[in-house]
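Note that our numbering has the sequence shown beginning at 9, numbered continuously upward. Every residue, glycine too, gets a C-beta built ideally from N, C-alpha and C. A quick note: this is a predicted structure, and the numbers were derived from the prediction, not measured.
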Amino acid sequence: MRDTDLNHSGSPGIRAQDIWVSPLALEGFYENFATGIDDLSGITITGDATTPEKLIDNLFGVGDRAEFDVIGEYIELDFGAPVYIGQFRYYGHASHNEDGVYKIQAYINGAWVDVKNAIPTILGDWSAWTDLTIPSIAIRWRVVATTIDTNVNTDNKAVEWEFSGVRIS
9 MRDTDLNHSG SPGIRAQDIW VSPLALEGFY ENFATGIDDL SGITITGDAT
59 TPEKLIDNLF GVGDRAEFDV IGEYIELDFG APVYIGQFRY YGHASHNEDG
109 VYKIQAYING AWVDVKNAIP TILGDWSAWT DLTIPSIAIR WRVVATTIDT
159 NVNTDNKAVE WEFSGVRIS
């Protein structure tokens with residue numbers, strides 16, 4: 009299946025009997041992509057933000073963060089296979105002024121689609137689990153800086169992001 013085969017409601021080629029859903033997801037278990045929806049096979053982390061791999065490394069120490077320095081910088085997660093994502097949460101850095109903003113995009117039908125906008129930087133804690141505006145199925149996902157936080161370093165520090173979803177196989 010190609011990225012271009014996917015749309016907001018799934019792919020015309022995907023039937024209900026073709027979708028595998030993790031039993032843990034059915035119980036409302038939120039799986040961190042650092043440990044994988046099922047595993048890390050096929051996941052590639054790239055982007056033009058500083059140290060994109062830190063976005064999902066499950067580490068919270070000094071320096072364990074990705075940094076967005078300019079508007080439009082992104083971190084991309086490529087799962088190599090379709091995943092459904094409906095919710096997310098994220099951990100904010102202790103130095104934020106809480107005036108930076110992110111958005112989440114999914115690569116659908118050959119284009120990047122905003123599936124959640126106006127996600128503010130937060131100060132040193134986990135956000136609540138938040139629904140995507142457009143829950144989607146996609147192979148590739150991005151977190152993009154749309155406004156840069158005015159903290160002393162003028163950057164958005166992404167300590168950790170987690171997503172609730174299931175791999176479709």
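Exercise. Would you mind sorting Asp163 into buried or exposed? The rule is 16 or more other CB atoms within 10 Å of its CB.
Key: buried
Practice problem: State the DSSP-derived secondary structure class of Ile27, mapped to helix, strand or coil. | Solution: With a pLDDT of only 38 at Ile27, under 50, the local geometry of the prediction cannot be trusted, and the value read off the model is given with reservation. Here Ile27 sits in coil by DSSP.
Quiz item: Among Thr155, Ile156, Ala146 and Thr129, which one has its Cα closest to the Cα of Arg175?
Solution: Ala146
Self-check item: Among Thr52, Asp77 and Ile83, nearest to Pro60 - alpha-carbon criterion
Solution: Ile83
Quiz item: With 16 as the cutoff for other CB atoms within 10 Å, does Gly100 come out buried or exposed?
Solution: buried
Self-check item: Buried versus exposed, by CB contacts within 10 Å (16 or more), Val29
Solution: Confidence in Val29 is poor, its pLDDT being 39 and thus under 50, which makes the residue's placement too unreliable to answer from.
Quiz item: Is the shortest distance between the beta-carbon of Ile142 and the beta-carbons of chain C less than 8 angstroms?
Solution: Chain labels in this structure do not include chain C; a single protein chain is all it has.
Quiz item: Taking the alpha-carbon positions, what's the Gly88 to Arg148 distance?
Solution: 8 angstroms
Practice problem: Report the residue from Ile127, Ser103 and Phe76 whose alpha carbon sits nearest the alpha carbon of Asn159. | Solution: Ser103
Self-check item: Limits of the unbroken beta strand (DSSP E) element including Val151
Solution: Thr138 to Thr155
Quiz item: On the three-state DSSP scale, how would you describe Leu85?
Solution: strand
Exercise. Excluding the 5 residues preceding and the 5 following Asp122 in the sequence, name in chain order all residues of the same chain whose CB lies nearer than 6 angstroms to its CB.
Key: Lys111 and Gln113
Quiz item: So what does Val174 bridge to, in DSSP terms?
Solution: Tyr92
Quiz prompt | For Asp139, the nearest candidate out of Gly132, Lys124 and Ala153 (CA to CA) | solution = Lys124
Self-check item: Leu85 versus Trp169 - alpha carbon distance
Solution: 11 angstroms
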